[in-house]
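Visitor: Mind having a look at this structure? Questions to follow.
2 protein chains.
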Amino acid sequence: MADILFRGNIVHAPRFGELQCIEHGYIAVAQNGLVEGVFSDIPDRFADWQVCDLGELIITQAFCDMHFHAPQYTLLGLGMDMQLLDWLQHYTFPEEARFADADFAARIYSRLADELVAGGTTRGAVFSSLHTDTTLLLCQILESKGFSGFVGKVNMDRNSPDYIRETAAQSLADTERFVAQCSLSERIKPIITPRFTPACSDELMRGLGALAAKHGLRVQSHLSENMDEIKWVQQLCPDAKGYWHTYERFGLFGEGALMGHCVYSDDEERRMMAKNGVWAIHCPYSNVDIASGIMHTRRFIDEGIHVALGSDIAGGASLFMPHVIAAAIRSSKLNWLKTVKKEPFLTVAEGFYLATSAPAAYFGDAAGFAVGNPFQAIVVDDSRFAPEGQGERRSLEERFERMIYRMEPCDIKQVFCGRV
Amino acid sequence: MADILFRGNIVHAPRFGELQCIEHGYIAVAQNGLVEGVFSDIPDRFADWQVCDLGELIITQAFCDMHFHAPQYTLLGLGMDMQLLDWLQHYTFPEEARFADADFAARIYSRLADELVAGGTTRGAVFSSLHTDTTLLLCQILESKGFSGFVGKVNMDRNSPDYIRETAAQSLADTERFVAQCSLSERIKPIITPRFTPACSDELMRGLGALAAKHGLRVQSHLSENMDEIKWVQQLCPDAKGYWHTYERFGLFGEGALMGHCVYSDDEERRMMAKNGVWAIHCPYSNVDIASGIMHTRRFIDEGIHVALGSDIAGGASLFMPHVIAAAIRSSKLNWLKTVKKEPFLTVAEGFYLATSAPAAYFGDAAGFAVGNPFQAIVVDDSRFAPEGQGERRSLEERFERMIYRMEPCDIKQVFCGRV
């Protein structure tokens, strides 16, 4: 541990839609792991700091994955010819049930955590299964690998097979235990996680709302993902004002609630999200892979709703966030076409922001490599994307765009998780 | 060179929408490089053949990329915030002009050919630049790496900058020379390649039609890719019955013509394609990346039009065909949603067929690993997609689906290009 100046090609997103690109610049990281500044030249006050020269490599922000299901890691790329509700019954529920087994869970979660961090995803919000002990194990494993964020024990007491269902009372008692134990962790914090309305009785929802209020906890769940799911919610909750209201009436739709998908959120739902400070987590791969639809991301942003990206594995077939960024851009281009160019598509700079600076705010950081942020960063070797070699005529901004579209985990040479 | 039985997990596509999956099966490849059959057990007549045991690896068909631009390889992942016509002016034309330089061309084309073949793309139809000598160089390089297929010197005599434009007379004379020299190659054959209608005068189109007829050559070009492009074609050719007719009236829209994109082909255009035996080459990544739209792939197939896939690099940001297959499936899911479920989306088996057996017919092969086909195959290690290890409970068909969604070039362990 020492004060270090990293020298390299620095790219970060200090504002939505804007990249700052500094060729052969410096980023100062103090021994406490916090960023002290980004510079073109070394300021005098850092004259005696150690320099770590990364040459032509690109230093940029690490990613946050704000919606994914850890126990679905083994299902990546499977069942993609199905839609949400069939896919849950055929693949998801049987697989999640296996996470009752601690040995199995430890093995799979370790591999998942390795793949996440090696792929530059150092923070996020995670759904586990309904099993309390293996969810606690997941927290330990994620923390030990350098990942930080929010993990939820999933709550579900209806409309799933016997082998993957709890009673409301048991679910609430287990959640109390999970919250107490998980809160002891330094980097992983508990989050209240009703699976989604069809899987949670009113009794369970009410209890979870009370728990969230009692402990001052945030909430994550699913919202308006798929037309069949929405119709089902209407049937189950005929008195609700909308899907959003099935959470809101139990205190589960407040400041910092993370709602995955929001593909079909109507005007009222979006208004309530903006008003309550609820986040919309856009999962573009999942929405296409299980044929849910396309979220109107631009509309949410314009309306002042917090938006960030999620891989939603295994609804989405990749957990590598650059893939998810490119998928978000691609989905937005189709919206742009569909709306006769009324909803401008996401630029690369905007897509990147939604996977980095936007969700970093959820963890209390300022945007980009701001002074005082933990150094959450990746170092990328993009040389294989330049067939011309070192003589190529591309700007750092162009190289960065190309990197987002073309990189794979193997191109990431170093990952920093908030400590040096 | 010997007669070999490859043992492994064999997957191939003998019919559209159908995979044959044989766990621990055998594929017999004679020393002439032709397939002699696929078997669950070794038939007596092969008893003395050498066995090459590939264990748990998956043996499947190699890919064909039926529409891509070799001199745009250096542009992969660049300029993706632009649309077609802007992108051509800003990125494509200046870059293609550099391929006047033989040293530069040799260097870039070698890397391209390596990446193609290592990624399992062993056949295809290729656009070069307008430069005859470096196009011949491209043919030599592709052939030397094991790639086979069709290569076209691009023809363009209007609506491009001076530095990347020919006269019609020069373009035709150069094409004659290109055809004569390229025809001497064993694995690479010439194809007549008007860039697209906006770039070709009537005089040039007429001459190219005559050349195609004289030498019995096939044609490749672009068709109905982008709304602005279509309007431009209407302005340039007010007397044409449609975009298709701007080719057809010069004899450039006949049997085996490969037309890239077809995003906005109307009923009449599709009818003429079916009638004339013209192929629609679906380039799903490109159509989204440069925001052109989504081709109605299912409709073309139902109407009996030949359909195959293309990466269209660098309009599309990836030349790895499994990415393109997944992109085709994803685009078809959005069509399925848009058409209120009238156009069923492509299954994994169907998407795979469009990148393998369908285009193989263009080269005279029967579907799948049919007897008498050249052994065009890849061997894939999918073990890293199975976090559970060898004990996992997935069928070969499930493993194959997962492989299509998740594989990267590094997962391909061997590539066979039609010879053992």
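Read top to bottom, the protein sequences are chains C and X. Going by numbering that gives the first Met the number 0, the first sequence opens with residue 0, and the numbers climb by one from there. Going by numbering that gives the first Met the number 0, the second sequence opens with residue 0, and the numbers climb by one from there. Backbone N, C-alpha and C define an ideal beta-carbon position, used for all residues, glycine too.
1) Beta strand (DSSP E) containing SER220(C): first to last residue?
2) Quick one: Cα of MET271(C) to Cα of PHE384(X), how far?
3) Report the residue ranges of all alpha helix (DSSP H) runs contained in full by the stretch 360–394 of chain X; include only those spanning at least 4 residues, in chain order.
4) Let me see if you follow: with CB-CB separation under 8 Å, is GLU400(X) close to chain C or not?
5) If contact means a Cβ-Cβ distance below 8 Å, which residues of the stretch 359–379 of chain C contact chain X?
6) Mind listing, in chain order, the continuous beta strand (DSSP E) runs of no fewer than 3 residues lying wholly within the stretch 28–70 of chain C?
7) When you compare each of LEU345(X), TYR361(X), TYR263(X), ASP100(X) to GLY148(X) by their alpha carbons, which one comes out closest?
8) Going straight from the alpha carbon of ASN8(X) to that of LEU395(X), what length do you get?
9) Evaluate SER291(C) with the Cβ neighbour count: other Cβ atoms within 10 Å of its Cβ, from every protein chain shown; 16 or more gives buried, anything less gives exposed.
10) Identify, in the order they occur along the chain, each residue of the same chain with its Cβ nearer than 7 Å to the Cβ of VAL50(X), setting aside the five sequence neighbours on each side.
11) If you follow the beta strand (DSSP E) that VAL10(X) is in, where does it begin and where does it stop?
12) Please report the straight-line C-alpha distance between VAL419(X) and SER310(X), rounded to a whole angstrom.
13) Just how far apart, CA to CA, sit ASP238(C) and ALA256(X)?
14) Do CYS282(C) and LEU222(C) have their C-beta atoms closer together than 8 Å?
15) Does the stretch 56–66 of chain C come close enough to the stretch 118–126 of chain C to have 3 or more Cβ pairs within less than 8 Å?
16) Could you check what DSSP says for VAL419(C) in three-state terms: helix, strand or coil?
17) Among GLY253(C), HIS23(C), ARG157(C), ILE187(C), whose alpha-carbon lies nearest the alpha-carbon of LYS144(C)?
18) Closest by CA to ILE411(X), which one among LEU129(X), ILE58(X), VAL370(X)?
19) My parser needs the beta strand (DSSP E) runs of 3 or more residues fully inside the stretch 251–319 of chain C; what are they?
20) Smallest Cα separation from TRP231(X): which of PHE252(X), ALA212(X), PHE195(X)?
21) Is there a Cβ from chain C that is less than 8 Å from the Cβ of LEU333(X)?
22) Using 8 Å as the cut-off, can you tell me whether the stretch 25–33 of chain X makes contact with the stretch 400–409 of chain C, which would need three or more C-beta pairs spanning the two stretches below that distance?
23) Just to confirm, is the Cβ distance from VAL323(C) to TYR352(C) under 8 Å?
24) Given a cut-off of 8 Å on the beta-carbon distance, is the pair PRO408(C) and GLY76(C) in contact?
25) Near TYR263(C), which residues of its chain fall below 7 Å by C-beta distance, leaving aside the five closest residues on each side in sequence?
26) Roughly how many angstroms separate the alpha carbons of ASP113(C) and LEU136(C), rounded to a whole number?
27) Give me the chain D residues within the contact set of VAL287(X), using Cβ-Cβ distance strictly less than 7 Å, ordered along the chain.
28) Label VAL218(C) either buried or exposed according to how many other C-beta atoms from any shown protein chain fall within 10 Å of its C-beta, with 16 as the threshold for buried.
29) For GLN233(X) and PRO70(X), I'd like the C-alpha separation in whole angstroms.
30) Am I right that THR192(C) and GLY151(C) are in contact with their C-beta atoms under 8 Å? What's the rounded C-beta distance?
31) From the DSSP output, read off the bridge partner residues of VAL153(X).
32) ARG164(X) by DSSP, collapsed to three states: which one?
33) Would the beta-carbon of LEU308(C) fall within 8 Å of that of MET320(C)?
34) With DSSP as the reference, please indicate the residues paired to GLU17(C) in a beta bridge.
35) Candidates ALA273(X), PHE368(X), ALA104(X): which alpha carbon is nearest GLY36(X)'s?
36) Where does LYS341(C) fall in DSSP's three states?
Guide: Checking against the coordinates, here is how it stands:
1) Your numbering for residue 220(C) matches position 221 in the first sequence. Counting along the chain, the beta strand (DSSP E) containing SER220(C) begins and ends at 219–222.
2) Along the first sequence, read from residue 1 onward, the residue named residue 271(C) stands at position 272. Along the second sequence, read from residue 1 onward, the residue named residue 384(X) stands at position 385. Spanning the two alpha carbons is a distance of roughly 40 Å.
3) List check, alpha helix (DSSP H) in window: nothing returned.
4) By 1-based counting over the second sequence, the position of residue 400(X) is 401. At least one chain C Cβ lies under 8 Å of GLU400(X).
5) none
6) 34–38, 49–60, 62–68
7) For this step, residue 148(X) is matched to residue 149 along the second sequence. Checking every option, the nearest Cα to that of GLY148(X) belongs to TYR361(X).
8) If you number the second sequence from 1, residue 8(X) lands on position 9. If you number the second sequence from 1, residue 395(X) lands on position 396. If I take the Cα positions, the gap works out to 7 Å.
9) Start at 1 with the first residue of the first sequence, and residue 291(C) comes out as number 292. Per the 10 Å Cβ criterion, buried.
10) Residue numbering aside, residue 50(X) sits at position 51 when the second sequence is read from its first letter. Only LEU4, ARG6 meet the Cβ criterion.
11) In the second sequence, residue 10(X) corresponds to position 11, counting from 1. It spans 3–14 - the beta strand (DSSP E) in which VAL10(X) sits, taken as one unbroken run.
12) Sequence index remark: in the second sequence, residue 419(X) carries index 420 (1-based). Sequence index remark: in the second sequence, residue 310(X) carries index 311 (1-based). Because the pLDDT of VAL419(X) is 48, which lies under 50, any placement of that residue in the model is unreliable, and the number read from its coordinates should be weighed accordingly. Computed Cα separation, rounded: 27 Å.
13) Locating residue 238(C) in the first sequence gives position 239, counting from the first residue. Locating residue 256(X) in the second sequence gives position 257, counting from the first residue. Distance between the alpha carbons of ASP238(C) and ALA256(X): 59 Å.
14) Reading the first sequence from its first residue, position 283 is the one you call residue 282(C). Reading the first sequence from its first residue, position 223 is the one you call residue 222(C). No, they are not a contact pair.
15) yes
16) Translated into positions along the first sequence, residue 419(C) becomes position 420. Model confidence at VAL419(C) stands at a pLDDT of 48, short of 50, so the residue's coordinates are unreliable; what they give is reported in the following sentence. Assignment of VAL419(C) by DSSP, reduced to helix, strand and coil, places it in the coil class.
17) The residue given as residue 144(C) occupies position 145 in the first sequence. Looking from the CA of LYS144(C), the closest CA among GLY253(C), HIS23(C), ARG157(C), ILE187(C) belongs to ILE187(C).
18) Counting from one through the second sequence, the residue named residue 411(X) turns up at place 412. Nearest Cα to ILE411(X) within the set LEU129(X), ILE58(X), VAL370(X): ILE58(X).
19) 257–260, 278–281, 305–308
20) By one-based count along the second sequence, residue 231(X) stands at place 232. Ranking the options by Cα distance to TRP231(X), first place goes to PHE195(X).
21) Counting from 1 along the second sequence, the entry for residue 333(X) is found at position 334. Closer than 8 Å: yes.
22) no
23) Position 324 of the first sequence, counted from the first residue, corresponds to residue 323(C). Position 353 of the first sequence, counted from the first residue, corresponds to residue 352(C). For VAL323(C) and TYR352(C), no; Cβs fall outside 8 Å.
24) Here the question's residue 408(C) lines up with position 409 in the first sequence. Here the question's residue 76(C) lines up with position 77 in the first sequence. Not a contact, by the Cβ cut-off of 8 Å.
25) Here residue 263(C) refers to the residue found at position 264 when the first sequence is read from its first residue. Within the same chain, TYR263(C) has close Cβ partners SER223, MET226, ILE229, GLY292.
26) The sequence position of residue 113(C) within the first sequence is 114, counting from 1. The sequence position of residue 136(C) within the first sequence is 137, counting from 1. When the Cα atoms are used, ASP113(C) and LEU136(C) turn out to be separated by approximately 15 Å.
27) Reference to chain D is not applicable here, since the protein chains of this structure are C and X.
28) Working through the first sequence from its first residue, we reach residue 218(C) at position 219. VAL218(C) comes out buried.
29) To locate residue 233(X), count along the second sequence from 1; it is residue 234. To locate residue 70(X), count along the second sequence from 1; it is residue 71. So the alpha carbons of these two residues sit roughly 28 Å apart.
30) Here the question's residue 192(C) lines up with position 193 in the first sequence. Here the question's residue 151(C) lines up with position 152 in the first sequence. Indeed they touch by this definition, with Cβ atoms about 3 Å apart.
31) Here residue 153(X) refers to the residue found at position 154 of the second sequence. Paired residue(s): THR192(X).
32) Your numbering for residue 164(X) matches position 165 in the second sequence. It is coil, neither helix nor strand.
33) Taking the first sequence and counting its residues from 1, the one referred to as residue 308(C) is at position 309. Taking the first sequence and counting its residues from 1, the one referred to as residue 320(C) is at position 321. Yes, they are a contact pair.
34) The residue given as residue 17(C) occupies position 18 in the first sequence. Answer by DSSP bridge pairing, in chain order: ARG14(C).
35) Start at 1 with the first residue of the second sequence, and residue 36(X) comes out as number 37. Among ALA273(X), PHE368(X), ALA104(X), the Cα nearest to that of GLY36(X) is on PHE368(X).
36) Position 342 of the first sequence, counted from the start, is the residue given in the question as residue 341(C). Coil, per DSSP.
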